[in-house]
């Protein structure tokens, strides 16, 4: 690599969906990019999540702009990686369990956000869900949310990144970021190698949150736009699968079901703020999830051949004006030049929901280009 390339090189730390998407887009825009991943690509939370590609329907009532962004991102993901869809799974059912559910407000919000939907007779909607107590369901709609194989999306992103010229270094942990005169001059790996670059992007998710926190002190004179948090979600996988139909019940704690392979993976929309990055389940949240499953699928857990319970922890950067909203987690691109301590060539990125990977990548490209001020704007390719 030439000296000119090194002077424009961007180093991305983290090989999950966020890091791969950002690396791919920057390389497509003409930047030399090195991506460092501590273990194997996609081995962190993005590879262990539930695989829910959101249409935005769940958020349309409270945050219409977020819902529209999710719908656009869903379409973009299906164009980019159609093979990530679970092959036997249908679009998602939105089921409502309360007689007083204001479904009119929901359908109006979906229409306003540009999300296609249609009503389905309850018996038809629930026919493919073994063990469901249909007397608990009052309304049923079909929406475009899909169950996806996250591993396929990661593989496609990695292939596209490498095709665009990204140098991928798996099993290369970043040890520290040496700083001089408000600038990071590279990344020191665990082996002691110094990789020099013009800009460093932290995309390490939960495992990289501590490194980002070092450069995001909330001090007088700093930009207090973001709060860095860890969110833990709990999941339960049953075998055999109850059916190939994904569903969500918004008025029952957001109980949701995504079919994957031979398993049914259940979760909820309730995330717990935690202080550590471990993936150990919290007993009270596990019990709450199991109780909710039992309410709608009586005795299904006891009749299952296998029950697997686990938790996943993600790191997010929430703007202070969205912390109360909670669920509408936007992608965040933090320019550390505007924080204390100021670092002129460091950026941290957080994916929000994995559905919005392409928005995160394009937002990052704009900021990197503005900071490095190189060449004419490269339009985003249609994906």
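In the numbering used here, the protein residues as written are 6 to 388.
Think of the CB as a built atom: it goes at the ideal place given N, C-alpha and C, for glycine as much as any other residue.
- The beta carbon of residue 86 is closer than 6 angstroms to those of 158 and 161 in its chain, skipping five residues each way along the sequence.
- The beta carbon of residue 347 sits closer than 6 angstroms to the beta carbons of 187 from its chain, once the five residues preceding and following it are set aside; these are given in chain order.
- DSSP, read as helix, strand or coil, puts residue 264 in strand.
- Under DSSP, residue 231 forms a beta bridge with 324.
- Non-local beta-carbon contacts of residue 190 in its own chain, meaning distances under 7 angstroms to residues more than five positions away in sequence, involve 183 and 201 in chain order.
- Within its own chain, the residues whose Cβ lies closer than 8 angstroms to the Cβ of residue 299, once the five positions on either side in sequence are excluded, are 305 and 306, listed in chain order.
- Uninterrupted alpha helix (DSSP H) stretches at least 4 residues long and entirely within the segment 70 to 157 occur at 108 to 117 and 127 to 131, given in chain order.
- According to the DSSP assignment, residue 353 belongs to no alpha helix (DSSP H) but to the beta strand (DSSP E) extending over 351 to 355.
- The beta carbon of residue 267 is closer than 7 angstroms to those of 244, 245 and 246 in its chain, skipping five residues each way along the sequence.
- Taking a 10 Å sphere around the C-beta of residue 155, we find 16 or more other C-beta atoms and assign the residue as buried.
- Residue 62 holds the alpha-carbon nearest to the alpha-carbon of residue 120 among 269, 62, 71 and 240.
- Membership of residue 172 in the beta strand (DSSP E) is indicated by the continuous run 172 to 174.
- For residue 282, there is no enclosing beta strand (DSSP E), since its DSSP letter is neither H nor E.
- Burial state of residue 45 is exposed, judged by a 10 Å Cβ sphere holding fewer than 16 other Cβ atoms.
- Using a Cβ distance threshold of 8 angstroms, residue 264 and residue 251 count as a contacting pair.
- Residue 238 sits buried, since 16 or more C-beta atoms from the chains shown fall within 10 Å of its C-beta.
- If you draw a 10 Å sphere on the C-beta of residue 42, you find 16 or more other C-beta atoms in it, and that means buried.
- The closest CA to that of residue 271, considering only 333, 290, 366 and 55, is found on 55.
- Here DSSP, grouped into helix, strand and coil, assigns residue 374 to helix.
- According to the DSSP secondary-structure assignment, residue 368 is paired through a beta bridge with no residue.
- In summary, residue 209 is buried, with 16 or more beta-carbon neighbours lying within 10 Å of its beta-carbon over all protein chains present.
- With contacts defined as CB atoms closer than 8 angstroms, residue 206 and residue 369 qualify as a contacting pair.
- Residue 180 carries a strand assignment under DSSP once its states are collapsed to helix, strand and coil.
- In the structure shown, the three-state DSSP call for residue 238 is strand.
- Residue 287 sits exposed, since fewer than 16 C-beta atoms from the chains shown fall within 10 Å of its C-beta.
- Note that the C-beta distance between residue 315 and residue 340 is not below 8 angstroms.
- In the DSSP annotation of this structure, the continuous segment of the beta strand (DSSP E) that includes residue 204 starts and ends at 204 to 207.
- By the beta-carbon neighbour count (other beta carbons within 10 angstroms, threshold 16), residue 113 is exposed.
- Just so you know, the alpha carbons of residue 40 and residue 103 end up roughly 48 angstroms apart.
- Bridge partners of residue 276 according to DSSP: none are assigned.
- As the crow flies, the alpha-carbon of residue 105 is around 28 angstroms from that of residue 248.
- Boundaries of the beta strand (DSSP E) harbouring residue 191: 191 to 194, taken from the DSSP string.
- Under the three-state reduction of DSSP output, residue 333 falls in the coil class, being neither helix nor strand.
- Between the segment 361 to 368 and the segment 16 to 33, the count of Cβ pairs shorter than 8 angstroms is three or higher; the stretches touch.
- Counting along the chain, residue 22 sits inside no beta strand (DSSP E); it lies in the alpha helix (DSSP H) bounded by residues 22 to 33.
- Secondary structure of residue 292 (DSSP, three-state): helix.
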